[in-house]
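Trainee:
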Amino acid sequence: MAETTPNGRPESANIDGPTNPMVTPILTDLYQFTMAYAYWKAGKHNERAVLVFNFEFNSSSFSIKFHLYYSLMSFGVAQWFGLGTSMLEVSSLKPLASESKGFAFWVELVAPDLSSAGYLSYVVRELLHRSGGFTCAHPKGSGCGFDLYFRRNPFGGEYTIFAGLEECIKFIANFKFTEDEIDFIRSSLPSSCEDGFFEYLRRLDCSDIEIYSISEGSVVFPKVPLMRIEGPVAVVQLLETPFVNLINYASLVTTNAARHRFVAGRSKILLEFGLRRAQGPDGGISASKYCYMGGFDATSNVAAGKLFGIPLRGTHSHAFVSSFMSPDEIIEKSLKHHNGSSVCEDFVSLVQTWLDKLKWSHLLGGIFSETNQSELAAFASYALAFPGSFLALVDTYDVMRSGLPNFCAVALALNDLGYKAVGIRLDSGDLAYQSCEARKFFCAIEKEFGLPAFGKTSITASNDLNEETLDALNKQGHEVDAFGIGTHLVTCYAQAALGVVFKLVEINNQPRIKLSEDVSKVSIPCKKRCYRLYGKEGYPLVDIMTGENEPHPKVGERILCRHPFSESKRAYVVPQRVEELLKCFWPGKSDKTREDLPPLKEIRERCIEQLDQMRPDHMRRLNPTPYKVSVSAKLYDFIHFLWLNEAPVGELQ
Numbered sequence: 001m002a003e004t005t006p007n008g009r010p011e012s013a014n015i016d017g018p019t020n021p022m023v024t025p026i027l028t029d030l031y032q033f034t035m036a037y038a039y040w041k042a043g044k045h046n047e048r049a050v051l052v053f054n055f056e057f058n059s060s061s062f063s064i065k066f067h068l069y070y071s072l073m074s075f076g077v078a079q080w081f082g083l084g085t086s087m088l089e090v091s092s093l094k095p096l097a098s099e100s101k102g103f104a105f106w107v108e109l110v111a112p113d114l115s116s117a118g119y120l121s122y123v124v125r126e127l128l129h130r131s132g133g134f135t136c137a138h139p140k141g142s143g144c145g146f147d148l149y150f151r152r153n154p155f156g157g158e159y160t161i162f163a164g165l166e167e168c169i170k171f172i173a174n175f176k177f178t179e180d181e182i183d184f185i186r187s188s189l190p191s192s193c194e195d196g197f198f199e200y201l202r203r204l205d206c207s208d209i210e211i212y213s214i215s216e217g218s219v220v221f222p223k224v225p226l227m228r229i230e231g232p233v234a235v236v237q238l239l240e241t242p243f244v245n246l247i248n249y250a251s252l253v254t255t256n257a258a259r260h261r262f263v264a265g266r267s268k269i270l271l272e273f274g275l276r277r278a279q280g281p282d283g284g285i286s287a288s289k290y291c292y293m294g295g296f297d298a299t300s301n302v303a304a305g306k307l308f309g310i311p312l313r314g315t316h317s318h319a320f321v322s323s324f325m326s327p328d329e330i331i332e333k334s335l336k337h338h339n340g341s342s343v344c345e346d347f348v349s350l351v352q353t354w355l356d357k358l359k360w361s362h363l364l365g366g367i368f369s370e371t372n373q374s375e376l377a378a379f380a381s382y383a384l385a386f387p388g389s390f391l392a393l394v395d396t397y398d399v400m401r402s403g404l405p406n407f408c409a410v411a412l413a414l415n416d417l418g419y420k421a422v423g424i425r426l427d428s429g430d431l432a433y434q435s436c437e438a439r440k441f442f443c444a445i446e447k448e449f450g451l452p453a454f455g456k457t458s459i460t461a462s463n464d465l466n467e468e469t470l471d472a473l474n475k476q477g478h479e480v481d482a483f484g485i486g487t488h489l490v491t492c493y494a495q496a497a498l499g500v501v502f503k504l505v506e507i508n509n510q511p512r513i514k515l516s517e518d519v520s521k522v523s524i525p526c527k528k529r530c531y532r533l534y535g536k537e538g539y540p541l542v543d544i545m546t547g548e549n550e551p552h553p554k555v556g557e558r559i560l561c562r563h564p565f566s567e568s569k570r571a572y573v574v575p576q577r578v579e580e581l582l583k584c585f586w587p588g589k590s591d592k593t594r595e596d597l598p599p600l601k602e603i604r605e606r607c608i609e610q611l612d613q614m615r616p617d618h619m620r621r622l623n624p625t626p627y628k629v630s631v632s633a634k635l636y637d638f639i640h641f642l643w644l645n646e647a648p649v650g651e652l653q
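Going by the UniProt record's numbering, the residue at position 126 of the sequence shown is 126; the numbering climbs one at a time, nothing skipped.
Laid out in structure tokens, this is it:
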């Protein structure tokens with residue numbers, strides 16, 4: 001029996017619990033527990049279905065016979081195979097034996113005419129696939145499968161970054177109800193609920209669950225399952241809301257970060273400054289983690305730096321600048337030389353000397369006269385505290401007439417003592433113009449005083465930046481080296497949610513489909529395998545979903561790719577590389593090898609690498625080319641057969 005922590009949770013030897021301690025089994029919707037009780041009450045929480053051998057096919061009469069053992073709690077025999085009687089007739093359904101949990105039958109399906117015979121051969125192939133060659137095969141878990149996916153790419157784009165998988169695995173690895181939680185669930189459900197259900201919850205864990213997932217940090221597209229969750233239906237349903245919650249925001253904000261990175265360009269430094277504007281502490285922590293994953297370089301969030309090892313960056317505020325009145329407030333004015341060889345006893349006076357030189361500089365003459373002395377005092381004080389990492393916010397009073405010359409005076413004084421100032425931050429006004437003027441100022445100082453690389457002093461910009469402002473700055477021309485982005489990034493201001501859904505696709509080996517008048521909401525049934533097909537230039541061409549037992553697409557072999565719902569949209573693809581997308585990240589009780597959860601830095605590198613592989617027209621901000629998501633010809637036929645089989649037929653009178 002697994003060891004438990006003081007709060008009653010299982011203690012995994014290899015996997016820590018979720019980052020947020022509020023992520024527990026009761027972080028779900030009430031209806032998940034009402035459904036779980038209904039499943040338990042009906043005995044459906046552990047259904048099983050078994051096909052056994054004895055198979056006959058008569059080609060002359062277009063009929064097949066097979067021996068079926070089937071649970072009483074499941075659907076009808078023909079429906080179990082996804083087979084209606086519109087094309088095939090169930091000519092005999094003879095019970096062979098009665099058992100405690102079900103019946104055994106001889107079933108004969110007959111094609112009434114030659115036009116249905118082709119479909120009958122398709123049925124034969126399906127039966128062979130689903131029965132494992134008609135050997136006795138008990139499915140592990142309970143034979144229930146759900147797909148977690150999304151329907152539309154966010155922010156008007158044509159790609160999404162998948163994130164949140166690690167938190168989902170941490171959640172199920174430590175899934176266990178505490179006594180307090182069970183008591184609360186009991187009090188929240190009707191008093192008619194039987195005690196046995198709560199005993200069932202007390203024993204419940206995720207040891208029977210299997211999770212197949214795309215690797216975190218991958219570029220993904222609508223309709224393709226990000227995760228497939230298999231196991232007892234009641235347990236899997238209890239995972240729905242937590243999984244959707246953990247994936248939704250994580251993928252959305254990672255995609256938002258990746259889009260900002262794409263617009264800014266690879267050469268710029270991106271800093272996440274969103275903690276104070278995020279939706280609560282958890283929103284702030286999650287945003288820092290997933291923005292780093294999406295390509296940002298650092299965060300101002302100290303807690304996130306500690307938790308995830310993200311580099312930290314930050315400078316002072318306007319309040320720090322305005323809190324000083326004059327240089328006379330600085331008590332300790334001495335600063336040791338960088339190499340320790342000497343000490344400058346009055347650093348403030350050295351700063352003032354340099355300010356006078358700048359004021360009367362041949363190249364800078366007339367740009368400024370008297371600067372704000374309280375700002376100069378603040379800069380000098382900050383430099384005395386952090387001489388090796390001095391970065392100043394220069395727009396508290398006036399960038400060109402005060403902030404910039406005051407910064408340069410302090411930077412030049414630091415240079416005399418062997419230190420190199422980091423740079424300035426602009427937080428208001430015309431960022432393009434100010435950055436260009438600041439660069440000219442730095443270059444003039446480099447030329448006037450013979451200071452190599454001073455002209456390359458870093459310029460950071462902030463002030464409610466988003467994709468649009470970054471794009472506008474690029475078009476105007478700017479000299480910004482780093483961007484600090486907060487509100488629009490972490491709140492995903494341009495789109496509130498990704499719209500992740502969690503749909504049943506198979507139960508007890510029976511494919512299920514969800515229909516809708518809105519075709520985009522029609523689900524793709526059955527357990528699937530998903531592949532990414534690459535072309536000659538190394539770019540991904542198309543993602544294709546196939547039935548679980550269909551042959552693996554092969555390099556150099558032509559494969560027909562079909563749009564799931566549009567008959568005319570189809571194309572042959574000859575892949576130069578094939579990548580299978582779904583991997584086993586939680587094997588349950590199966591003997592499959594579990595994929596390791598990589599560290600955050602590796603996931604970030606994967607994300608950057610995947611984005612670099614995408615064709616540029618899929619990535620552009622305006623009118624990007626849609627990426628193709630397809631199904632195999634066989635899966636296409638099955639989707640539409642099941643669709644027709646499940647949709648009721650109207651009657652006109």
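For every residue, glycine included, the Cβ atom is placed at its ideal position computed from N, Cα and C. The model shown is predicted, which means the values in this text are computed figures rather than measured ones.
Name, in chain order, the residues that DSSP records as bridge partners for Phe483.
Mentor: DSSP, once it has assigned bridges, lists Leu270 and Ala461 as partnering Phe483.
Trainee: List the whole-angstrom C-beta distance separating Asn248 from Ala497, where the pair is believed to meet the contact cut-off of C-beta under 8 Å.
Mentor: 6 Å
Trainee: So, helix, strand or coil for Val220, using DSSP?
Mentor: strand
Trainee: With DSSP as the reference, label Gly156 as helix, strand or coil.
Mentor: coil
Trainee: Here's the rule I'm using: 16 or more other beta-carbon atoms within 10 Å means buried, otherwise exposed. How should Asp346 be labelled?
Mentor: exposed
Trainee: Rounding to the nearest angstrom, what Cα-Cα distance links Tyr290 and Ala303 in this structure?
Mentor: The alpha-carbon separation between Tyr290 and Ala303 amounts to approximately 14 Å.
Trainee: By Cβ distance below 6 Å, which residues in the same chain neighbour Ser23 in space, the five residues on each side in sequence not counted?
Mentor: According to the sequence as given, residue 23 is Val; it is not Ser. Contacts found: Phe171.
Trainee: Is Tyr419 helix, strand or coil by DSSP?
Mentor: In this structure, Tyr419 counts as coil in the three-state DSSP scheme.
Trainee: Anyone know if the C-beta pair for Val235 and Ile209 falls short of 8 Å?
Mentor: yes
Trainee: Which whole-angstrom value is the C-beta distance of Ala409 and Leu358, which I expect to be below 8 Å?
Mentor: 6 Å
Trainee: What would DSSP say about Val649, mapped onto helix, strand or coil?
Mentor: coil
Trainee: What are the boundary residues of the alpha helix (DSSP H) that Ile209 is part of?
Mentor: First-last for Ile209: undefined, no H or E at that position.
Trainee: Whose C-beta lies closer than 7 Å to the C-beta of Phe379 among residues of the same chain, with five residues either side of it excluded?
Mentor: Ala392, Asn406, Phe407 and Val410
Trainee: For Thr299, list the residues DSSP reports as bridge partners.
Mentor: For Thr299, which the question treats as bridged, DSSP gives the partners Glu272 and Leu312.
Trainee: Kindly indicate the opening and closing residues of the beta strand (DSSP E) around Ser534.
Mentor: A small correction: the amino acid at residue 534 is Tyr; Ser does not occupy that position in the sequence shown. Note, Tyr534: beta strand (DSSP E), Lys528 to Tyr534.
Trainee: With distances taken Cα to Cα, identify the nearest neighbour of Thr487 among Asp147, Ser207, Gly17 and Ala257.
Mentor: Ala257
Trainee: Do you know offhand how far Phe262's Cα is from Ser192's?
Mentor: 56 Å
Trainee: Hey, how far is the Cα of Ser462 from the Cα of Leu489?
Mentor: 12 Å
Trainee: Under 8 Å, do Val555 and Arg529 count as touching if we go by C-beta distance?
Mentor: No, they are not a contact pair.
Trainee: In chain order, what are the residue ranges of uninterrupted beta strand (DSSP E) at least 3 long that sit wholly in the segment 377-420?
Mentor: Runs of the beta strand (DSSP E) inside the segment 377-420: 391-393.
Trainee: Would you mind stating whether Glu550 and Pro525 have Cβ atoms separated by less than 8 Å?
Mentor: no
Trainee: State the DSSP-derived secondary structure class of Pro540, mapped to helix, strand or coil.
Mentor: strand
Trainee: Taking the straight line between their C-alpha atoms, what separation do you get for Tyr433 and Gln352?
Mentor: 27 Å
Trainee: For Leu148 and Asp464, what's the separation of their Cα atoms in angstroms?
Mentor: 34 Å
Trainee: Kindly indicate the opening and closing residues of the alpha helix (DSSP H) around Tyr493.
Mentor: Looking at the DSSP string, Tyr493 is not in any alpha helix (DSSP H), and its letter there is neither H nor E.
Trainee: Around the C-beta of Gln613, are 16 or more other C-beta atoms found within 10 angstroms, so that it is buried, or is it exposed?
Mentor: exposed
Trainee: Give me whichever residues DSSP pairs with Leu335 in a beta bridge.
Mentor: Cys344
Trainee: Spatial neighbours of Phe177 within its chain, please: C-beta separation below 6 Å, excluding the five flanking residues on both sides.
Mentor: Pro25 and Leu201
Trainee: Contact defined as beta carbons within less than 8 Å: I believe Cys144 pairs with Glu240. What is the distance between those atoms, to the nearest angstrom?
Mentor: Actually they do not touch by this definition, with Cβ atoms about 12 Å apart.
Trainee: I need the straight-line Cα distance from residue 665 to Phe33, nearest angstrom please.
Mentor: Because the chain is modelled from 1 through 653, residue 665 falls outside the range shown and cannot be assessed.
Trainee: For Lys628, name the three-state secondary structure that DSSP assigns.
Mentor: For Lys628, the three-state secondary structure derived from DSSP is strand.
Trainee: Answer with yes or no whether the minimum CB distance from Thr593 to chain C is below 8 Å.
Mentor: Absent from the structure: chain C. Only one protein chain is present.
Trainee: Could you round the C-beta distance between Val522 and Leu533 to whole angstroms and report it? I think they count as a contact, below 8 Å.
Mentor: 24 Å between Cβ atoms; not a contact.
Trainee: Can you tell me whether His45 is buried or exposed, with buried defined as 16 or more other CB within 10 angstroms of its CB?
Mentor: buried
Trainee: Is it right to say Ser288 is buried, meaning 16 or more other beta carbons lie within 10 angstroms of its own, or is it exposed?
Mentor: Counting every other CB atom within 10 Å of its CB across the protein chains shown gives Ser288 a total of 16 or more, marking it as buried.
Trainee: Can you find at least 3 beta carbon pairs, one from the segment 537-549 and one from the segment 627-644, that sit closer than 8 Å?
Mentor: Under the Cβ criterion (8 Å, minimum of three pairs), the segment 537-549 counts as touching the segment 627-644.
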